[in-house]
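Residue numbers (the working numbering): 246 to 592.
Rendered as structure tokens:
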């Protein structure tokens with residue numbers, strides 16, 4: 246059993262959600278006895294240092310999870326860039342943008358030497374990864390700090406790979422989950438499973454503790470996941486409605502009225518497959534567009550379009566990430582949300 250999971254009052258992890266929260270949400274979640282998470286991929290080095298310093302100063306020694314992406318940054322040639330901009334050009338022109346408005350850089354950064362240095366300095370109790378694991382050298386240095394290493398698996402194959410390559414805990418990320426798919430071995434949607442098929446299959450395939458993620462929006466789902474062998478559950482969409490989250494009002498409202506069929510997996514916003522709510526951009530460009538640059542490169546142009554539209558109060562190009570059970574989520578403080586999800590469930 247994970248020593249971190251065993252130490253929690255509630256078997257609940259607040260999912261790390263880049264740009265949807267800062268340190269306030271994980272700090273409050275941690276005070277309840279659940280596990281708060283910080284999305285390390287959204288920070289530059291200075292920002293990460295500042296965030297980790299606050300977690301250390303105000304966290305009261307309680308455990309928390311620091312999450313990173315473990316992808317390998319790809320490249321795109323001129324032809325690929327032209328094809329992607331060809332999809333976006335009509336929208337860019339509508340908002341007075343040109344290709345020159347697309348910021349340079351690769352977007353979301355993978356776990357690198359600077360991030361590793363922060364981990365070695367601040368020694369977070371849990372370091373988790375999306376898209377597999379970092380290099381063996383970096384992984385061993387993370388583990389040398391005393392951190393538990395967790396990572397997402399979307400298939401049994403990925404869970405077994407994680408166990409064989411040094412993970413301490415597997416997060417079973419089901420097809421219902423909002424946000425980016427953590428897949429890294431097989432990106433075929435037909436290979437993806439719902440939580441109550443994926444969870445017991447992974448539980449039977451590995452000896453590691455398994456955390457259930459995807460579609461967990463109420464106490465009934467929490468209890469069901471625990472009955473099927475999960476050591477804990479990870480919840481994202483519900484915490485987007487927390488008072489302490491940075492979720493925009495339009496996003497909050499859309500979550501509360503969403504039906505399962507209102508969500509879709511799309512690559513338009515970053516190049517990586519991620520589940521969110523339908524909008525005009527997704528309907529017109531198609532959820533999975535072959536011209537989208539590979540993750541995370543598509544995000545530079547998509548982000549410029551999003552920013553320009555939002556300045557005019559338009560959210561047609563904004564990614565409203567949400568899981569399929571979003572409509573079951575209810576607002577409140579983070580402490581209230583933990584209480585609703587884990588009422589009567591304690592270690």
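Positions of the beta carbon are idealized from the N, C-alpha and C atoms, including for glycine. A quick note: this is a predicted structure, and the numbers were derived from the prediction, not measured.
{"Check": "Of all the options 417, 591, 453, 262, which has the alpha carbon lying nearest to the alpha carbon of residue 438?", "Outcome": "417"}
{"Check": "May I ask which residues mark the beginning and end of the beta strand (DSSP E) holding residue 457?", "Outcome": "455–458"}
{"Check": "Around the C-beta of residue 396, are 16 or more other C-beta atoms found within 10 angstroms, so that it is buried, or is it exposed?", "Outcome": "buried"}
{"Check": "For residue 520, which three-state DSSP category applies?", "Outcome": "strand"}
{"Check": "Three-state secondary structure (DSSP) at residue 406?", "Outcome": "helix"}
{"Check": "Please report how far the alpha carbon of residue 430 lies from the alpha carbon of residue 316, in whole angstroms.", "Outcome": "12 Å"}
{"Check": "Between 320, 572, 269, 356, which lies nearest to residue 483 when the distance is taken from Cα to Cα?", "Outcome": "572"}
{"Check": "Return the residue from the list 524, 543, 577 that minimises the CA-CA distance to residue 554.", "Outcome": "524"}
{"Check": "Since residue 312 contacts residue 258 with CB under 8 Å, what's their CB separation in whole angstroms?", "Outcome": "Not really, about 10 Å apart at Cβ, beyond 8 Å."}
{"Check": "Can you give the Cα-Cα distance for residue 440 and residue 341, rounded to whole angstroms?", "Outcome": "43 Å"}
{"Check": "Using a Cβ-Cβ cutoff of less than 6 Å, which residues in the same chain neighbour residue 562 once the five nearest sequence positions on both sides are dropped?", "Outcome": "526, 550, 551, 554"}
{"Check": "Between the Cα of residue 267 and those of 380, 283, 565, spot the shortest distance and give me the residue it belongs to.", "Outcome": "283"}
{"Check": "Which whole runs of the beta strand (DSSP E) in the region 390–441 are 3 residues long or more, in chain order?", "Outcome": "393–398, 414–418"}
{"Check": "Report the start-end ranges of each alpha helix (DSSP H) in the region 457–483 that is 4 residues or longer and not cut off at the edges.", "Outcome": "464–472"}
{"Check": "On a CA-only basis, which of 336, 456, 513, 328 is nearest residue 559? Give me that one, please.", "Outcome": "336"}
{"Check": "Taking a contact to mean a Cβ-Cβ separation below 8 Å, would you say residue 579 touches residue 371 in this structure?", "Outcome": "no"}
{"Check": "Taking the alpha carbon of residue 568 as the reference point, which residue from 537, 252, 260, 448 has its own alpha carbon closest?", "Outcome": "260"}
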